[in-house]
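K.L.:
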Amino acid sequence: MSSVVDQRPEPMTAGAPRPVPPRRRTRLLALPEARWALASLLLFLLALPVYLLDAPAWVWGPLFAASYVTGGWEPGWEGLKALRDKTLDVDLLMVVAALGAAAIGQVLDGALLIVIFATSGALEAVATARTADSVRGLLDLAPDVATRLRADGAEETVDAERLAVGDVILVRPGERVGADGHVLDGASDVDQATITGEPLPVAKQAGDEVFAGTVNGTGALRVRVERDPADSVIARIVKMVEEASETKAPTQLFIEKIEQRYSIGMVIATLAVFCVPLAFGDTLQSALLRAMTFMIVASPCAVVLSTMPPLLSAIANAGRHGVLAKSAVVMERLGQVDAVALDKTGTLTEGTPRVTDVLPLPGSGLDEDRLLALAGAAEHPSEHPLARAVVRAARTRDLVLAEATGFVSSPGPGVTATVDGHAMQIGSPARFPEGSPELDVMVRSLEDGGRTAVLVLRDGAPVGVLGIADRLRPDAAATVAALAELTGRTPVLLTGDNERAARRLAAEVGISDVRAGLLPQDKVAAVRAWEAEGLRVLVVGDGVNDAPALAAAHTGIAMGRAGSDLALETADAVVVRDELATVPAVVALSRTARRLVVQNLVIAGAFIAVLVAWDLIGTLPLPLGVAGHEGSTVIVGLNGLRLLREAAWDRAVLGRLGPGRGRGR
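Sequence positions in the sequence shown follow my numbering and run 709 to 1373.
1. In the DSSP assignment, find the unbroken alpha helix (DSSP H) run with Val777 in it and report its ends.
2. By the three-class DSSP mapping on this structure, what secondary structure does Ser748 have?
3. Check whether the segment 1073-1085 touches the segment 1330-1345, counting contact only when three or more Cβ pairs, one atom from each stretch, lie closer than 8 Å.
4. What residues are listed by DSSP as bridge partners for Leu1163?
5. Could you tell me the boundaries of the beta strand (DSSP E) in which Ile1219 lies?
6. If you follow the beta strand (DSSP E) that Pro1061 is in, where does it begin and where does it stop?
7. In or out: Gly829 buried (at least 16 other Cβ within 10 Å) or exposed?
8. Could you work out which residue in Val1320, Ala745, Leu760 and Arg1166 is closest to Ala774 when comparing CA atoms only?
9. Is there contact here, the segment 1036-1052 with the segment 1334-1354, by at least three beta-carbon pairs under 8 Å?
10. Just curious, the beta strand (DSSP E) that Gly1333 is in, first and last residue?
11. Given that a residue counts as buried once 16 or more other Cβ atoms are within 10 Å of its Cβ, and exposed if not, what is Arg1208?
12. If we call anything under 7 Å between Cβ atoms a contact, is Gln993 one with Arg1244?
13. Between the C-alpha atoms of Leu800 and Arg1041, what's the straight-line distance to the nearest angstrom?
14. Which class does Arg858 belong to by DSSP, given the choice of helix, strand or coil?
15. Can you tell me whether Val933 is helix, strand or coil according to DSSP?
16. Take the Cβ of Thr1195 as the centre, count every other Cβ of all protein chains shown within 10 Å, and call the residue buried at 16 or more, exposed below.
17. Would the segment 976-983 count as touching the segment 1298-1317 if we require 3 or more Cβ pairs under 8 Å?
18. Based on Cα-Cα distance, which residue from Ala1006, Ala1177 and Val1005 lies nearest to Ala1097?
19. In three-state terms, what does DSSP make of Gly1313?
20. Who pairs with Asn924 in a beta bridge, going by DSSP?
21. Can you tell which of Ala1169, Val1318, Thr778 and Met1039 has its C-alpha closest to the C-alpha of Pro1137?
22. Taking Glu1076 as part of the alpha helix (DSSP H), name the residues at either end of that continuous run.
23. So, for Pro1199: in the same chain, excluding its five sequence neighbours on each side, which residues have a beta-carbon less than 7 Å away from its beta-carbon?
24. Residues bridged to Val1245 by DSSP?
25. If you draw a straight line from the alpha carbon of Arg1139 to that of Leu1297, how long is it in whole angstroms?
26. Going by DSSP in three states, Asp1106 sits in which element: helix, strand or coil?
27. Please report the residue range of the beta strand (DSSP E) in which Lys912 lies.
28. Using the Cα positions of Val866 and Ala854, report the straight-line distance between them to the nearest angstrom.
29. Bridge partners of Ala1281, per DSSP?
30. Would you report the Cα separation of Ala872 and Asp939, rounded to the nearest angstrom?
31. Go ahead and pull the three-state DSSP assignment for Glu906.
32. Run through the DSSP bridge pairs and tell me what Ala649 is partnered with.
33. Is the CB-CB distance between Glu1087 and Val1099 below 7 Å?
34. Between Gly927 and Gly886, which are expected to be in contact by the criterion C-beta below 8 Å, what is the C-beta distance as a whole number of angstroms?
35. Compare the C-alpha of Gly1172 against each of Ala1185, Ala1186, Arg1197 and Glu1146 and name the closest.
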C-alpha cells in the first residue's frame, strides 16, 4: 500500500496575496501637543489681522493672551516642575522670553515665539509617535481573542492574554494563532513571514510548533499552548522594542548633562546682556529686547534635538526590515564596530540538515529517486533530524513512499523497517564496517567535504549512501564580503563544530581566520582578547553557547528564527526574519545615523553662533531671531527623520550587498 509523502492541503501559492500586518498610525490630533499647538496657531491667526489693522487692544489682546496660554502653558508647567527639582529647563526659558517680549510691548513677537515653539514641540511629538508606530506596525500582530476548547469539547471565546500553558485552542482557517504552542491535530499551511521571514507558508501538522500572530491557512488546527502569552516570541520582541524607546544614546546623555550647565550660563549671560548696556546708558526697553532675543537664539533646543531623531528613525526603519535594536544605545554602537565574529550553525548556515548527495552504489539496480524513496519510507516514522532531512528530500522530489512496517529506531544500528517486502537498514557507515572499496571512497569523499554520510542497506547489502549537511545561507558570502568592506577586516568564524567542517564552510564564504571546537568560555576569551587590542567587536550568533560571547561583545546580534531564548535576551539586536544580509545593512544604517547626528550638531552650533554674534554686535530683530532659532530646530529634526524613508534602507543595502539583496521582501 502506497501513500503520497505529503497529503496535507496544498500550500498557498507564492503569488497569492499575503496578509498585511495590522498597522496603528497615531492620529495627529490624538496628541495633546498637536492640539494645543493648533489652538495657539488659530488664535494667533485670528489676532494678527486685527492687530495689524490697528483695532483697539481690547479686541486683539484677549486673542493674543489666549494664544500665549494655549501654546505656552504646557512647556511652562513642565519647566516649573523641573525648576522645583533644581533643574533649569530650556522650555521655561522660551516662555520667559515670550513673556518678557510682551512686557515691553512686543506682544506680536512674543506670540510668534510661542506659536513657533509650540509647533516645534508638536512636530517632535508627532515624529516620536510615528517612529513608535513604524516599529509597532511590525509587531502588533497577536489577536485579541482566541477560541479555547474546554475539557468537555465545548468552545469558548476568551481574551488571548488570559490563555495559560496547557490550554487547547482551536485555530480556524484564516485566523491568527492566539499563542505559541504545538499542534495537537489537524493540518494546514501557516504564513509565519511576520515572525520568521519565510517567503512561503509553512506546512503544519501534529507536533509542529506555531507562533502567536501567524496566519492560519485553509485547514483547522488544535494547538496546545506552550508559553504564557506574556512570554510568547512576539511579546518578547515587543518588550525589546519598548525598551528601545525608553533609552537614550550616550551622545544624548552627554548633551543633557551639559544642557543644564549651558542653561545656567545662558541665564547669567542674558543678565549681563541686559545689565551692561543699561550701565552704559541704554534704554530699558532696548536692553530688555536685546536680552530677550539673546536668550531665544542662544537656547540649545536644536542641539538637544540633534541626537535622538536620527537614532530613533534608524531603529524604526531597521525594525520594518526585520532587525530590532533594543535601544538607541545599540543603534549608535552598531556603527562603531570594527571587527566581526560569526557563529557557524544557524548563523552562516540555516541550522537545518538537508540531503545534499544521493549516491546509489553501482550494481544495486537503483537510481537516485528509488534509493531516496526507499530511505524516505524507512525513515518516515522517525523524528530524528537526519531522518526528517531524508523525508524532506523525498517530499521535495514528489516521491511516493511505500508504507513501512516493523519500524525500529535505536542508537546503534539506526533505523530498521520493512519496505515493499525488503528489510531496510539506515545508519552511520561506522556501524557497518564491512563494505566495498567503492563504498569506502563514497563515504570518505562525503566526510572530507564536511557532510554526514548515511549508509542505506537493503536485505543486509549496501545499496547507496546519502550525504547530509547544514546548508549555507544563500546570502552568507555576500554578507561576509559586506562586513569586511565596512570594518576593513574579514570576519572571524567562531564555532564549536569540528575543524574540518568549519574550514570547509569558511572557505566557501571567504573567511580565513577560523576558531573551531570552541566552548562558550573560549568564545568569550577570543572576544575579550580582541577588545583588549582596542577593537569593538560585533558578535552574531543564535545558540545558548553563543550567549556569553554576545554579552561580552561591544555589540551582539542574535538570529531570531532558531535563536535560543538566552541568546535573544542577551543580544543587543535581533534579526527577526533570519536574513543574514540585514546585518551589514543595519551597521551601514547606524553609521548613516551617526553622520546625521554630527551634521545636526554642526547645523545647530552654526545657527547659534551666527544669531548670538548678530545680536551682540548688531541689532537682531526679535522675529528674525525667533525664526532662526526655531528654524534650526525644525531643520535638525527633519534631517534626522530622513532615516525613516525606505530609501535610507535601500541605500544601506545597495551600498553593501548589491541590487536585490537583503531587502526583506
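Just so it is clear, CB atoms sit at the ideal spot from N, CA and C, and this is done for glycine as well.
P.N.:
Result, derived from the coordinates:
1. Ala765 to Arg792
2. helix
3. no
4. Gly1135 and Val1173
5. Unbroken run through Ile1219: none, as it is neither H nor E.
6. Thr1057 to Pro1068
7. buried
8. Ala745
9. no
10. Not the beta strand (DSSP E): Gly1333 falls in the alpha helix (DSSP H), residues Leu1330 to Leu1349.
11. exposed
12. no
13. 33 Å
14. coil
15. strand
16. buried
17. no
18. Ala1177
19. helix
20. Val898
21. Ala1169
22. Glu1076 to Glu1087
23. Val1048, Ala1049, Leu1050, Val1188, Leu1191, Ala1192 and Ile1219
24. Ala1047
25. 52 Å
26. coil
27. Val910 to Lys912
28. 6 Å
29. Ala1033 and Ile1265
30. 11 Å
31. Here Glu906 scores only 43 on pLDDT, less than 50, and its place in the model should not be relied on; the value that follows carries that caveat. Three-state DSSP puts Glu906 in coil, outside helix and strand.
32. Nothing can be reported for residue 649: it is not among the residues displayed for the chain, which extend from 709 to 1373.
33. yes
34. Actually they do not touch by this definition, with Cβ atoms about 16 Å apart.
35. Glu1146
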